[in-house]
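Enquirer:
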Amino acid sequence: MGVGMKAWMRCVARRVRGDAGMTTSEYAVGTIAACGFAAVLYKVVTSEAVSSALQSLVERALNVQF
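Now the structure itself:
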């Protein structure tokens, strides 16, 4: 078997094999994405519109007559 054929077979074998998990760089990108999503979610939840809606919802729930 020629050198080119062996290299090609190694390349194919690498692509066919499944990954065992994420690499460090993938963890870093995932962590940064999660932090970005958390920051956006925090801004939305602490906004005046959402805060007042949540407050009115809690007040209505506490003032329910049984």
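Be aware that the sequence shown starts at 1, since it is given in the working numbering, and climbs by one per residue. Heads up, the beta-carbon is just placed ideally off N, CA and C, and yes, glycines get one too.
1. Helix or strand or just coil, what does DSSP make of residue 2?
2. Would you mind reading off the limits of the alpha helix (DSSP H) that contains residue 55?
3. Assuming residue 44 contacts residue 50 under a Cβ cut-off of 8 Å, what Cβ separation, rounded to an integer in Å, is found between them?
4. Taking the continuous alpha helix (DSSP H) assigned at residue 24, which residues delimit it?
Expert: The short version:
1. Locating residue 2 in the sequence shown gives position 2, counting from the first residue. Residue state, collapsed to three classes: coil.
2. Indexing the sequence shown from 1 puts residue 55 at position 55. Run containing residue 55: 48-62, per the alpha helix (DSSP H) assignment.
3. Reading the sequence shown from its first residue, position 44 is the one you call residue 44. Reading the sequence shown from its first residue, position 50 is the one you call residue 50. Between residue 50 and residue 44 the Cβ distance is about 6 Å, and since that is below 8 Å, they are a contact.
4. The residue you call residue 24 lines up with position 24 of the sequence shown. Unbroken alpha helix (DSSP H) run through residue 24: 24-45.
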